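Enquirer: Below you'll find the structure I mean.
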Amino acid sequence: MNRELTLNKVMSLRRLLLLGLFLGLWAAGPAMARDFETKVVGTVTSPDGLPLAGATIRVANTTIGAFADLEGRFEITVPNVDTDTLVFSYVGYVTEKVALAGRTSLAFVFSNYDAMDEVVVVGYANRRRTEVTGSIASLKSDNFNGGVIASPEQLLQAKVPGVRITSASGEPGAAVNVSIRGAGSLRSGNSPLYVIDGVPLSNEAITPGSANLVGSNAGNVAAPKNPLNFLNPNDIQSIDVLKDASATAIYGSRGSNGVILITTKKGASGRAGLSYNGYVGTSTIARKIDMVGIDTGTDWQDEVTQNGLAHNHNLSLAGGDGNATYRASLSYFDQNGIIQKSALQRYTGRINATLYALPSDRLKLDINLIASHIVDNGIPRSDVADTDGELITNVLAADPTRSVFDGNGNYSSGPTNPVGLLDAWNDITKTDRVLANISGSLDLAPGLKYQINLGIDRSNAAREQELGPNNLEGINLNNGSYNFATIDASNILLENYLTYDRKAGKNSFNFLVGHAAQQFTLNSFNIALSNYQIPSISGLDDPGNATSLVGANGGSNPDGTKEVNKLESVFARVNYSFGQLILASVSMRADGSSKFGENNRWGYFPAASVAYRLSEQLSGSTFDDLKIRVGWGQTGNQEIPNKATQETFQVTDNGISRVREANPDLKWEVSTQFNVGLDFSLADARLYGNIDYFNRVNTDPLLLVDSEPPAVSQKWVNLPGTITNQGVEIYLGSQLVNTDDFSLNLDLNGTFTTNVVSFPDGREIFTGVLSGRSINGTLTQIIRDGEGIGTFYLPTDQGDGTSSEREIQGSGIPNFVYGVNVYANWKGLDFAMNLSGVSGNVIYNATDNFLNNFGGNVSQRIAAAASIPPGASSFFLESGDFLRLSNLTLGYSFPDESVEWLQGARIYVTGQNLYVFTEYTGYDPEVDTPVAVGGNLSYGVDFASYPRARTILVGLNLNL
Amino acid sequence: MLRLKTFMGMKNISMMLVLILLLPGCMNLTEEVFDEVEVGDVEALLEDASPEFLDNLVASVYAPLIPNFTERLYFNLQESTSDISMTPTRLWLDPSRSDWFDGGRYVVLHTHTWDASEATLNSVWSNLQGGIAAALEVLDAFDTPAALANPALGPRRAEVQGMLAFYMWAIFDLYAQVPYIDLNSGENVVLSGQVAIDEMISLLDAAIPNLRQKDEALSGALFSRAAAKTLKARIHLNRGVYLDRYNSAFSFSGEDMSQVITLTTEILDQEGYSLATDYFRLFDGDSDNNAATDELIFVANCEAGQTCNRAFTAMVMSQGQFAADAGSFRGWNGFCTLPEFVDSWDTSDPRYFEENYPNQPGTIDPASYQLNRGIQVGVQHGPVPVDANGDPTEGGTFKRDGNGQLVIEELRNFLRDNQVVDYAKNVELTSNQWAGARVFKYEYDTPGPGRWDTDINPVIFRLADVYLMRAEAKLRSGDAAGALEDVNTLRAARGAAALTDIDPDKMLAERGFEFYWEMQRRTDLIRFGRFNNAWTSKAASDPNKRVFPIPLNALAASSNLQQNQGY
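If you're matching them up, the sequences are chains A and B in order. The first sequence lines up with residues 14 to 973 when you count with my numbering. The second sequence lines up with residues 3 to 569 when you count with my numbering.
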């Protein structure tokens with residue numbers, strides 16, 4: 014009795030089950046002859062070196078079997094060590110066979126994930142793919158995009174249906190827009206929630222935006238850099254994308270735009286392994302704009318671009334023993350942009366450890382620490398500028414008959430000399446960011462586990478910008494100006510939750526209940542100085558050299574902010590399965606946020622989903638798996654600015670004035686999503702995939718509107734109206750060939766989406782503002798009842814120099830986004846190719862529109878036009894369809910035996926953005942300059958964008 | 003296994019669930035505000051507030067003047083809709099390129115074909131109603147026992163009342179409806195017609211006894227007693243229009259006219275202003291302005307560094323013409339005036355043109371270079387900025403001769419098609435780069451290195467208007483001789499020949515000569531019944547266009563505003 018109790022207390026249900034199975038297998042063993050039996054020991058790990066506890070090891074054609082322990086170690090007694098073959102299997106991996114050939118020790122590493130039954134991270138838990146009832150896409154590190162990649166989102170590009178990833182520009186480290194299942198909000202706040210090793214991040218910009226140093230009414234206002242640049246892609250093990258509401262509702266008020274869960278690599282027990290991954294590459298401008306006269310004269314695009322060298326070095330050490338595993342890594346990434354002076358350097362250090370303590374490893378502690386230092390070098394470009402101080406527009410408009418330097422070696426005169434502008438400009442942002450978390454789990458009783466997660470995310474960014482003393486024309490500022498801005502942000506998380514697994518016959522339950530508290534703090538500071546005493550001393554080296562405490566544009570006294578917001582949540586989920594036949598999940602999260610109005614402090618976000626595995630009833634069919642999923646859920650979008658519900662006053666140069674009106678009723682946007690999906694796998698996963706239909710209806714959209722007049726301020730409201738995104742996502746994977754020497758896999762993904770807005774009050778919102786002479790302030794897009802977000806509303810070019818009244822013209826958002834991926838292996842050679850494309854959208858070439866009226870050089874397209882109507886018109890709309898050969902990698906892995914001390918070595922060459930099939934005449938059809946009006950987003954406008962690079966690199970992986 | 007069941011049954015799980023769901027509330031979710039002031043704190047700040055603090059509070063009431071009265075906003079509604087200003091779409095020699103189309107804004111303004119979605123209408127509305135709101139906000143804050151006990155409050159409270167009436171008048175004149183908050187009930191209301199007029203007059207009457215007299219150091223930046231009286235006179239002068247906006251003829255009551263005469267006479271006799279002797283100095287930057295402050299009653303006060311565009315002169319001048327040496331102080335080649343206005347002038351009137359250097363080839367002392375002022379027609383000569391090779395270039399230094407004198411030569415628009423800068427009197431809505439006579443009324447001043455630095459204070463009220471309002475009121479009361487005397491007093495101060503007789507046509511013409519480009523023309527044209535007439539590139543228009551439509555945003559935000567007739 015006593016003994017049983019102890020057993021009950023110390024053994025988790027899972028371990029018990031494993032033990033039971035093992036005992037069963039062992040009991041069956043004696044039937045075999047044991048005369049020649051030999052003990053074989055070894056380890057089982059994942060391709061990334063993670064120990065695979067519970068992996069099954071079986072002797073082929075026998076009933077002899079064993080399981081790997083928590084550290085992935087196994088011990089098995091085989092009848093004939095010379096002739097026997099071991100069969101390794103584990104959930105989520107393709108079963109493999111290894112002939113022992115006399116070996117008594119073996120370090121086995123699974124080489125292929127089983128796409129149909131991988132482990133999927135679902136939020137507060139992991140599940141097997143076959144158990145999942147929501148729409149979740151996963152990507153393991155093996156299938157990440159290769160190449161010079163600054164941020165994790167790009168690893169996913171064109172790999173996952175329903176996820177559209179667009180870089181705002183080709184600048185190193187530029188902001189990346191990720192939209193999952195369409196645009197659900199009118200305003201910013203269409204970004205998914207990012208959760209790194211269980212710590213949800215804030216989506217607020219953590220680097221200061223650009224200051225206006227030039228002294229015009231626009232100038233140098235560009236979007237901040239991507240906040241996820243601090244993560245080293247090489248440290249990422251897997252990325253899971255929760256798409257439908259039944260999956261995201263567990264993240265409540267932050268789930269409506271989808272959730273991206275990033276899991277970093279962990280160590281494995283066994284011999285410490287050291288690995289080095291590195292590459293060196295070079296980038297050139299992929300496509301230039303075909304400007305008039307550049308064949309014979311000065312091509313100013315050549316004068317400011319360069320071959321950008323990029324190199325990246327990663328060193329990681331991983332290992333462990335029975336009580337602890339660890340992984341530590343260091344990386345250095347240095348990318349020079351294709352425009353001179355633009356660059357991104359990143360240093361990261363990362364360490365994580367997993368510790369087991371208490372008898373029977375009842376306590377497990379995970380410690381993760383990521384520290385990074387990023388140095389961004391920017392160029393003077395602007396999303397909304399006239400040419401004053403803007404590089405790209407000045408480069409394009411510059412007269413090709415003019416040379417860069419005059420006879421005396423000075424910058425040639427004329428409208429702002431672009432090379433001189435770049436020379437006078439300095440823009441350096443340094444960001445330090447530390448993300449640390451400790452999570453622990455304690456087995457309280459069989460099946461019952463308590464978990465805690467304590468996380469902190471801290472960043473500090475300082476941006477220094479300078480337009481040094483110069484004699485450039487058009488800038489009209491000869492005495493230097495300097496701006497210093499900082500953002501200091503932190504995010505503290507505490508989560509406590511309990512899980513309980515219970516099985517009764519074919520019924521199994523899994524319960525989750527928890528509480529979370531999170532606090533975000535953001536401080537900013539900004540100071541502008543001008544009038545250098547000594548022109549040769551840079552403001553970055555000695556700000557005291559600038560003698561005036563105002564910027565070139567005047568009126569900029571030192572400025573600062575401090576904002577805090579808090580989020581408290583409780584959540585619960587029940588998963589139920591009946592055998593493997595019926596799977597169901599019900600969840601609820603309640604979020605209380607300080608951002609919500611006091612009359613709506615708490616929001617409740619329910620979800621339910623059910624799946625039916627037809628394949629369980631189709632024994633003997635060609636289907637390995639066939640599952641129908643149906644899910645429904647409600648999620649929220651709480652991307653309301655801090656203080657939006659509060660009536661406050663502000664002290665400015667213009668006195669004290671009301672900032673905004675109170676709205677104690679203000680609340681999150683609600684997204685209600687219905688999803689039906691089909692997962693299938695045929696003929697031993699020769700063909701597999703999934704199809705999902707979704708209908709996502711966002712209600713109560715947030716908008717900043719005029720208050721009842723007379724009012725100084727505006728107010729935040731939840732508008733009556735809906736934004737509906739509907740679509741179909743298809744993912745199709747196939748193993749066309751799969752032999753020992755040769756494998757060929759092809760996968761295709763595509764997403765069809767439509768978007769429509771309903772405004773019962775007949776409201777019309779205009780956005781997508783243009784900059785430039787004759788078009789300044791022109792709004793190109795309309796958001797109104799019956800049309801989609803991103804709809805262009807412009808006069809139609811009549812072909813005779815005139816244009817019509819404004820009309821609906823098409824959308825800046827593609828209705829079809831697709832990707833094609835090919836993977837092949839032949840002996841030691843590996844090959845991967847990624848094609849990505851979109852269709853159905855148009856791009857407004859605002860750069861051409863600008864140049865047409867500016868008075869400098871123009872593109873060939875403009876020069877060739879017989880007539881162009883004045884102002885903005887459909888003349889400047891071009892097809893946005895493209896197909897890009899995004900990535901091509903060819904690698905060779907040296908045979909393991911070739912060098913004794915080497916466990917593996919691979920060399921590879923990768924080409925990125927090798928070719929784009931497009932009719933678009935701007936730099937690149939994948940573009941979206943942020944030209945929102947009043948925060949209401951536009952889509953598909955291209956203005957003064959940073960050109961995109963074509964990159965070739967060679968890389969080396971070494972595992973010691 | 004039996005033990006397991008009892009240890010953790012379903013009951014226990016549900017208990018735990020309930021427990022955890024009870025956890026909320028352990029965090030205080032009330033939002034803390036750190037970098038802004040909450041409502042209660044504003045009132046606390048007003049007790050024992052220093053005069054400087056109160057001035058800072060009052061400054062928020064003046065803020066909506068900028069950029070509304072300093073940029074192309076109020077100007078567009080009052081001048082670009084009139085017979086004095088036009089902004090044509092300027093084609094290049096290659097007609098597929100053009101300037102100044104700006105989404106068709108100037109076309110609809112000139113041809114009176116705007117609708118409620120026009121962006122300028124929304125911007126002006128938004129600024130003016132913001133002024134009303136700011137003033138009401140400060141009055142409300144002042145309306146506490148603690149604040150009212152503050153001795154520094156009195157004149158400032160009156161200032162805010164006066165500014166409130168000013169914004170109300172401006173929005174009423176344009177849109178015929180005034181969004182307002184009833185000070186007693188706190189409710190949002192919309193005032194129109196007689197009710198709006200009564201409220202404005204009662205605010206001004208309350209303010210006048212407490213307002214400060216003119217403050218020379220501030221050059222008309224402060225809303226003074228004279229400003230309040232000028233505004234009140236202007237309301238009475240236009241009251242006949244405001245009560246019956248769409249009629250083919252207005253009736254101006256004797257009572258209103260005598261109010262105008264009384265108020266204007268009080269200003270002329272008691273407030274200490276006098277007419278400037280050098281007309282164009284009224285439109286110079288602050289540095290030259292002090293000599294003229296005796297005439298300036300109220301201005302939109304721009305300080306260097308503020309974003310006050312040099313809209314009124316930079317916008318008219320060709321890109322080939324430069325205001326100062328080295329620094330891209332060029333023109334934008336936009337606005338011009340209409341041929342009928344040019345033709346209406348006696349060109350010997352000093353208000354027509356001021357020569358600061360001879361408009362002919364030659365040389366001048368660099369220190370003496372200033373743009374010529376007034377209305378410019380024909381070929382322009384001036385200094386040309388050049389690079390080291392002597393080629394014209396924006397931002398270069400002016401070409402000099404061997405003696406360091408500026409070379410004055412025929413100007414070309416080298417930033418466009420390099421055509422001679424030859425302002426043609428004639429203009430149409432779609433024109434070339436040189437069409438239209440140009441109005442250089444305000445100085446193109448360059449107080450700082452930045453292209454946008456300016457000290458120009460656009461004029462809102464000045465003494466000349468007081469004379470001409472009294473003259474008009476006399477004329478409308480049948481006292482043509484009295485009217486003629488006031489008009490000629492003004493003309494004499496300007497150095498123009500005396501008129502021998504006066505009638506409404508001549509009265510309106512005189513207002514044009516005196517106040518062109520000063521944002522009064524639309525109101526004047528309506529009052530004289532000419533606003534809907536045809537003129538260059540404009541057909542006769544619908545009387546409904548005398549009132550602008552309520553912008554769509556405002557209609558959506560308000561439960562009280564009604565769209566004006568005809569929109």
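The beta-carbon is built from N, C-alpha and C at its ideal position, and this holds for glycine as well. This structure is a prediction, so every number in the text was calculated from the model and none was measured.
Assign ALA209/B to one of three DSSP states: helix, strand, or coil.
Expert: On the second sequence, position 207 is the one that residue 209/B refers to. Note: ALA209/B maps to helix in three-state DSSP.
Enquirer: Are the Cβ atoms of ASP345/B and VAL381/B separated by less than 8 Å?
Expert: Reading the second sequence from its first residue, position 343 is the one you call residue 345/B. Reading the second sequence from its first residue, position 379 is the one you call residue 381/B. Going by C-beta atoms, ASP345/B is not nearer than 8 Å to VAL381/B.
Enquirer: Go ahead and label LYS519/A buried or exposed: buried means 16 or more other beta carbons lie within 10 angstroms of its beta carbon, across all protein chains shown.
Expert: Along the first sequence, read from residue 1 onward, the residue named residue 519/A stands at position 506. By the neighbour-count definition (other C-beta atoms within 10 Å, threshold 16), LYS519/A is an exposed residue.
Enquirer: Of the choices SER747/A, GLN630/A, ASN225/A, VAL176/A, whose alpha-carbon is the least far from that of GLU480/A?
Expert: Mapped onto the first sequence, residue 480/A falls at position 467. It should be noted that the sequence gives Leu, not Glu, for residue 480/A. Closest by alpha carbon: ASN225/A.
Enquirer: Check whether the Cβ atoms of GLU88/A and SER282/A lie closer than 8 Å to each other.
Expert: Position 75 of the first sequence holds residue 88/A. Position 269 of the first sequence holds residue 282/A. With contacts defined as CB atoms closer than 8 Å, GLU88/A and SER282/A fail to qualify as a contacting pair.
Enquirer: Is there a Cβ of chain A sitting closer than 8 Å to that of GLU38/B, yes or no?
Expert: Residue numbering aside, residue 38/B sits at position 36 when the second sequence is read from its first letter. Yes, its Cβ sits closer than 8 Å to a Cβ of chain A.
Enquirer: If I measure Cβ to Cβ from ARG159/B and keep anything under 6 Å in the same chain, skipping five residues before and after, which residues do I get?
Expert: Mapped onto the second sequence, residue 159/B falls at position 157. The residues are PHE144.
Enquirer: Secondary structure at VAL94/A, three-state DSSP: helix, strand or coil?
Expert: Locating residue 94/A in the first sequence gives position 81, where the first residue counts as 1. VAL94/A: coil per DSSP, three-state reduction.
Enquirer: Please classify GLY272/A: does DSSP put it in a helix, a strand, or coil?
Expert: By one-based count along the first sequence, residue 272/A stands at place 259. Strictly speaking, residue 272/A in this sequence is Val, with Gly absent from that position. Strand, per DSSP.
Enquirer: Hey, how far is the Cα of MET88/B from the Cα of HIS112/B?
Expert: The sequence position of residue 88/B within the second sequence is 86, counting from 1. The sequence position of residue 112/B within the second sequence is 110, counting from 1. Roughly 7 Å separates the two Cα atoms.
Enquirer: Consult DSSP for GLU316/A and reduce its assignment to one of helix, strand or coil.
Expert: If you number the first sequence from 1, residue 316/A lands on position 303. Of the three classes helix, strand and coil, the one that applies to GLU316/A here is helix, per DSSP.
Enquirer: So ALA7/A packs on GLY55/A, CB below 8 Å; how close in whole Å?
Expert: Residue numbering for chain A in the displayed model covers 14 to 973; residue 7/A lies beyond these limits and cannot be assessed.
Enquirer: DSSP state of ASP467/B, grouped into three classes?
Expert: Here residue 467/B is taken as the residue at index 465 of the second sequence, counted from 1. Of the three classes helix, strand and coil, the one that applies to ASP467/B here is helix, per DSSP.
Enquirer: Within the chosen definition, does the region 150-159 of chain B reach the region 117-130 of chain B through at least 3 CB pairs nearer than 8 Å?
Expert: Taking a cut-off of 8 Å for Cβ pairs, the region 150-159 of chain B and the region 117-130 of chain B do not touch, as fewer than three such pairs fall below it.
Enquirer: For PRO908/A, which residues in the same chain have their Cβ closer than 8 Å to its Cβ, ignoring the five residues on either side in sequence?
Expert: As a first step, residue 908/A is located in the first sequence; it is residue number 895 there, counting from the start. Same-chain partners within the cutoff: GLY841.
Enquirer: List the residues of chain B whose Cβ lies closer than 7 Å to the Cβ of SER680/A, in chain order.
Expert: Working through the first sequence from its first residue, we reach residue 680/A at position 667. For the record, residue 680/A in the displayed sequence is Lys; it is not Ser. The premise fails here: LYS680/A is roughly 13 Å from chain B at the closest Cβ pair, so nothing lies under 7 Å.
Enquirer: Any idea what DSSP makes of ASP43/B, helix, strand or coil?
Expert: One-based indexing of the second sequence puts residue 43/B at position 41. Three-state result, ASP43/B: helix.
Enquirer: Can you pull the chain B residues whose beta carbon is under 7 Å from the beta carbon of ASP798/A, in chain order?
Expert: Position 785 of the first sequence holds residue 798/A. Neighbours of ASP798/A on chain B: none; closest Cβ ~13 Å, over 7 Å.
Enquirer: Which residues in chain A have a C-beta closer than 8 Å to the C-beta of GLU139/B? List them in chain order.
Expert: In the second sequence, the residue the question calls residue 139/B occupies position 137. Residues of chain A passing the Cβ test: SER670, ARG671, VAL725.
Enquirer: Taking Cβ to Cβ, would you say GLY265/A is nearer than 8 Å to ARG602/A?
Expert: Sequence index remark: in the first sequence, residue 265/A carries index 252 (1-based). Sequence index remark: in the first sequence, residue 602/A carries index 589 (1-based). For GLY265/A and ARG602/A, yes; Cβs fall inside 8 Å.
Enquirer: Distance check for GLY924/A and SER899/A, CA to CA, integer angstroms please.
Expert: The residue you call residue 899/A lines up with position 886 of the first sequence. The residue you call residue 924/A lines up with position 911 of the first sequence. Rounded to whole angstroms, SER899/A to GLY924/A spans 8 Å at the Cα level.
Enquirer: Which class does TRP39/A belong to by DSSP, given the choice of helix, strand or coil?
Expert: Reading the first sequence from its first residue, position 26 is the one you call residue 39/A. Residue confidence for TRP39/A is low, a pLDDT of 40 falling below 50, so the modelled location carries little weight; the figure read from the coordinates is stated next. In this structure, TRP39/A counts as helix in the three-state DSSP scheme.
Enquirer: Taking the alpha carbon of GLY195/A as the reference point, which residue from ALA877/A, THR764/A, PHE867/A has its own alpha carbon closest?
Expert: Reading the first sequence from its first residue, position 182 is the one you call residue 195/A. The option with the nearest alpha carbon to GLY195/A is THR764/A.
Enquirer: Tell me the DSSP bridge mates of GLU820/A?
Expert: Stepping through the first sequence from its first residue, residue 820/A is reached at position 807. For GLU820/A, which the question treats as bridged, DSSP gives the partners LEU807/A.
Enquirer: Going by DSSP in three states, TRP537/B sits in which element: helix, strand or coil?
Expert: Position 535 of the second sequence holds residue 537/B. Strand.
Enquirer: Give me the chain B residues within the contact set of SER787/A, using Cβ-Cβ distance strictly less than 7 Å, ordered along the chain.
Expert: Start at 1 with the first residue of the first sequence, and residue 787/A comes out as number 774. In chain order: SER100, ASP101, TRP102, PHE103, ASP104.
Enquirer: How many whole angstroms separate the CB atoms of GLU486/A and THR429/A, which I take to be in contact at a CB cut-off of 8 Å?
Expert: On the first sequence, residue 486/A is found 473 positions in, with the first residue counted as 1. On the first sequence, residue 429/A is found 416 positions in, with the first residue counted as 1. At roughly 6 Å, the Cβ-Cβ gap stays under 8 Å, so GLU486/A and THR429/A are in contact.
Enquirer: Can you list, in chain order, the residues of its chain with a C-beta nearer than 7 Å to that of GLN421/B? Leave out the 5 residues immediately preceding and following it.
Expert: Walking along the second sequence from the start, residue 421/B turns up at place 419. Taken in chain order, the residues that qualify are ARG414, ASN415, GLN435, TRP436.
Enquirer: Beta carbons nearer than 8 Å to chain A: which residues of the region 410-429 of chain B have them?
Expert: LEU417, ARG418
Enquirer: DSSP state of ASN421/A, grouped into three classes?
Expert: Locating residue 421/A in the first sequence gives position 408, where the first residue counts as 1. If DSSP states are grouped into helix, strand and coil, ASN421/A belongs with coil.
Enquirer: Does DSSP put LEU461/A in a helix, in a strand, or in coil?
Expert: Here residue 461/A refers to the residue found at position 448 when the first sequence is read from its first residue. Three-state result, LEU461/A: strand.
Enquirer: Using C-beta distances below 7 Å, list every residue in its chain close to TRP39/A, excluding the 5 sequence neighbours before and after it, in chain order.
Expert: One-based indexing of the first sequence puts residue 39/A at position 26. In this prediction, TRP39/A has a pLDDT of 40, which is less than 50 and means its spatial position is unreliable; what the coordinates show is noted afterwards. No residues qualify anywhere along the chain.
Enquirer: Which ranges would you report for the alpha helix (DSSP H) in the region 431-501 of chain B if only whole runs of at least 4 residues count?
Expert: 465-478, 482-496
Enquirer: Of all the CB atoms in chain A, is at least one closer than 8 Å to the CB of MET88/B?
Expert: Locating residue 88/B in the second sequence gives position 86, counting from the first residue. False, the Cβ-Cβ gap to chain A never drops below 8 Å.
Enquirer: If contact means a Cβ-Cβ distance below 7 Å, which residues of the region 198-211 of chain B contact chain A?
Expert: none
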